[in-house]
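Below is one structure, written out as C-alpha cells; the observations come after it.
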Amino acid sequence: MPDIERQRRKDCFTDDFAISAWSPPVHPFPRTAAATVGQRPCSPSSDPPKRQEPEFMYAQILRDILVDIGSTKEEMIEFCREKCAGNKVDLNYIDEFEEYYTPRNAIFWYTRDSFLYRVLNKALREQDIDILYSLRYFIKDFHLQLEELSRREEPIPPEPTIPDTSNSMIVTVYRGQLMNNEEFDRKIRFNAEGFFSVSPFLSTTFHRHLAAVYAGDRRSGEESSHQNILFQIDINSQVNKFPYADISEYSAFEKVEAEVLFTMGAVFRIHSVVKSDERWIVKLKLTNEEDEDLASLTKYMREEITHLMLFPLSKLANLMLAMRKYEQAERFYLGLLRDPKMTKDFGVLSAFHNNLGKAYSELNKPIKAIEQYQQSCEIKIKHFGETSPALAPTFNNLGQLYYEQKDYDKALEYYNKALHVHPSVDKEIAVI
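Counting with my numbering, you get residues 769 to 1200 for the letters of the sequence shown.
Following this line, the structure appears as C-alpha cells:
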C-alpha cells in the first residue's frame, strides 16, 4: 500500500443520505395485471406513519443482486476513467486504485476523500442504477468486507458499554447532519416510534462532540430551511440483521474519527425526538424489526423477481421493471437477448420478450411493445402449444395495450384469448 495522504472527507457526516419512514401509499408495481413482476400492494394501515416505504425494499434487493453479479476491476476502472475524463486529480486516484486496490482494503479506499466515495454515495442516495451497476465490483467487495468484520468482532467504544436487561451490551454511536425542514417533519419529527431506513452506507462515530460539530448550530430564532440534527444510535450486540463494524483500523483516517459504518439498507426504530437549544437530538435503535406488510411484500417481490431467472442480470432487469425504471429495464433486457447463453431456455426467452414489451409500453412505444409481445407469444405457441396457460399473461398485456390505444376490437380479441387459454385468469396472475 502506498503512502497515501489521509485527507479528511469534508462531507463525512454532513452529506444527505436517503431515509424513509412512510409517505402516502404508492403502487410499487407495473399496472398490467399480467406483468412478470407482481402486483400485490401493501394493505392500508390505520397508522401509516409507523411504516416503511417500498423504496427501501427495492434498495435491499438491489444490493443483493449487485453483490451477485459478476464484474471485473478492469470494467470498473474503464467506467471511472470515462467519468473522470479531464480531471487530473481523479485520474491520478484511479491510477493508484488500479495499481494498489485489493478486496481486502475496500474500506480504506472508500474512506478516502475521493471520486469513488463521492460518486458511490451520490448514486446510492439517488438510486442511480447505471452508476451503481458500473461500480458493482467495488460495492461487492466493500459490503462483503463490512459483513466479515461484523461477524468477526464487535465495535469497541472508547467509553464503557451499557448492559441492558437482557445482559447484552449496548454501544452508542453518533451522527450529525443537516436535514431540510419538510423531510425532517415528515420522516422523523412526527414519526416517533416509527421506522427509519437508510439507503447508502451510513457513517457514524463514537465521539459525540465530533458528530455535534457536523450537526452544526444556529443562533436562537434564526430562520433556516434546514434543521440541525444529532443522531444518537444505540446498537444492541444481539441485533445482527444489518452488518456494521468499527472500521477505525481499516480507515484512511485510522482512529481519528472512531468510525462505525453500517451497510446499505440498515433499519432503525425512532425512540425519541427532542429539541435541545437550537439542535434536535434524535435517538435511534438498530433493530431486527420490520414493517410486517413490507416484510411480506419483500419476500413476495424477491420470489417474483427471481422466478425462473438463473442469471443475476435478468434479476436486475426484472427489478428495474418493478421500480418503473423502464429505460434501464429496456437496456438490460436487450443485453440479455443478445447473449446466446441467456436464451437457451424458451420459457425464460419468452419472458424476456414479454417484459421488454412491458417496458416499451410504459415508454409509450406501442409498436415496439406489440412486436415484443408477439415474439413472446410465438415462442410459447411453438414450444408449449396454442392452448398453453403460459400465453395468458402476454395475451392480457396485448389486450391492455390495444385498449389504451382505443382499438377496442383488438383489445377484446386478446382478452378473450387470455380467458380461453386460462379461464381462471384474474388480477393475481403475475408469473409467466
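A virtual CB, placed ideally from N, CA and C, is assigned to each residue, including glycine.
Inset, instruction - Can you tell me which of the three DSSP states V1007 falls into? - result: Reduced to three states, the DSSP call for V1007 is coil.
Legend entry - Sufficient close CB pairs (3 or more, under 8 Å) joining the region 994-1006 to the region 904-916: Using a Cβ-Cβ distance cut-off of 8 Å, the region 994-1006 and the region 904-916 are not in contact, since fewer than three pairs of beta carbons, one from each stretch, lie closer than that value.
Legend entry - Every unbroken beta strand (DSSP E) inside the region 942-968 [3 residues or more]: For the region 942-968, whole beta strand (DSSP E) runs of length 3 or above, ordered along the chain, are 963-966.
Legend entry - beta strand (DSSP E) segment containing K1053, residue limits: In the DSSP assignment, K1053 falls within the beta strand (DSSP E) that extends over 1047-1054.
Legend entry - Cβ neighbour criterion (16 or more within 10 Å) applied to P1161: Result: buried.
Legend entry - Rounded C-alpha distance that separates D896 from S1118: Whole-angstrom Cα-Cα distance: 28 Å.
Inset, instruction - Tell me, to the nearest whole angstrom, how far the beta carbon of L1089 is from that of N1122; I am working on the premise that it is less than 8 Å. - result: At roughly 10 Å, the Cβ-Cβ gap does not stay under 8 Å, so L1089 and N1122 are not in contact.
Inset, instruction - Tell me H994's beta-bridge partners as DSSP assigns them. - result: Residue pairing from DSSP places H994 in a beta bridge opposite N948.
Legend entry - the region 1102-1110 touching the region 832-844, judged by at least three CB pairs closer than 8 Å: No contact exists between the region 1102-1110 and the region 832-844.
Legend entry - Residues sharing a beta bridge with F999, DSSP: Paired residues: R943, V1050.
Legend entry - For E1027, the residue or residues it bridges with in DSSP: E1027 pairs with T973.
Legend entry - DSSP bridge partner residues for K1178 (one or two, in chain order): For K1178, which the question treats as bridged, DSSP gives no partner whatsoever.
Legend entry - Collapsed DSSP secondary structure at M825 in the structure displayed: Three-state result, M825: helix.
Legend entry - Supposed close pair I862, R849 - CB separation, criterion 8 Å: Contact between I862 and R849 holds, with the beta-carbon distance rounding to 6 Å and staying under 8 Å.
Legend entry - H911 in three-state terms, based on DSSP: Helix, per DSSP.
Inset, instruction - Under 8 Å Cβ to Cβ from S905, same chain only, skipping five residues before and after it: list those, please. - result: The residue asked about is misnamed: residue 905 is Tyr in this sequence, not Ser. These residues qualify, in order along the chain: S839, T840, K841, E843, M844.
Legend entry - Where the beta strand (DSSP E) containing K1043 begins and where it ends: Residues 1035-1044.
Legend entry - Distance CB(Y1018)-CB(V1028) smaller than 8 Å: By the CB criterion at 8 Å, Y1018 and V1028 fall outside the cutoff.
Inset, instruction - Using the Cα positions of F999 and T972, report the straight-line distance between them to the nearest angstrom. - result: Cα to Cα, the separation comes out at about 9 Å.
Inset, instruction - Excluding the 5 residues preceding and the 5 following Q1096 in the sequence, name in chain order all residues of the same chain whose CB lies nearer than 6 Å to its CB. - result: Answer for Q1096: I897, M1088, listed in chain order.
Inset, instruction - Tell me whether the beta-carbon of G1033 lies closer than 8 Å to the beta-carbon of R893. - result: Contact flag unset, no.
Inset, instruction - Kindly list the residues whose CB is nearer than 6 Å to the CB of F1163, restricted to its own chain and excluding five residues on each side of it in sequence; keep chain order. - result: Same-chain partners within the cutoff: Y1182, K1185, A1186.
Inset, instruction - State the Cα-Cα distance for the pair S813 and T1074, rounded to the nearest angstrom. - result: With a pLDDT of 40 at S813, under the threshold of 50, the predicted position of this residue should be treated as unreliable, and no value is reported.
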